[in-house]
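Working notes, beginning with the structure itself.
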Amino acid sequence: MNDLGKARTASEDAARIRAEYEADLDAARSAAAETAKQAAAEAAKQAEASDAKIAKKLAEKVAKAEAKLATARSDAMANLNNVAAEAAMAAVAQLANMQTTAAQAGKTADKLAAQMAKQEAN
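FYI, the numbering used here numbers position 27 of the sequence shown as 413, with every residue one higher than the one before it.
So this is what it looks like as structure tokens:
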């Protein structure tokens, strides 16, 4: 084999090696792209799960806060009705010189509170 034949063989080997290298490089790029795609999908899935957990916790906290608020409002209204009943008893005693019972005053205060609540709703 002469030098020209050796050069031709070396050139063919180099071309084959280059083609194999480029094929391996393309395969590695494809594998890297697929890995990145899977990682992005997993990250998105975990973010959605995390968002759902956060939303659930926030909803629970809001529900607890609303329940506390409703209890506080109910307690305040009950206390307000008691104060109104006591004030009504004192006013009737002083103005009409009549004694009323706590039950009578409470009933009157409850009626007035119901009427006021109805007016507020409208």
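In this text, a Cβ means the ideal position worked out from N, Cα and C, and glycines have one as well.
Endpoints, alpha helix (DSSP H) assigned at residue i
i    : result
T395 : 389 to 481
Q490 : 488 to 507
Beta-carbon proximity check, residue i vs residue j, cutoff 7 angstroms
i    : j    : result
T494 : A474 : yes
Q485 : A479 : yes
Whole-Å CB distance - residue i paired with residue j, under 8 angstroms assumed
i    : j    : result
G492 : N467 : 7 angstroms
M463 : A499 : 7 angstroms
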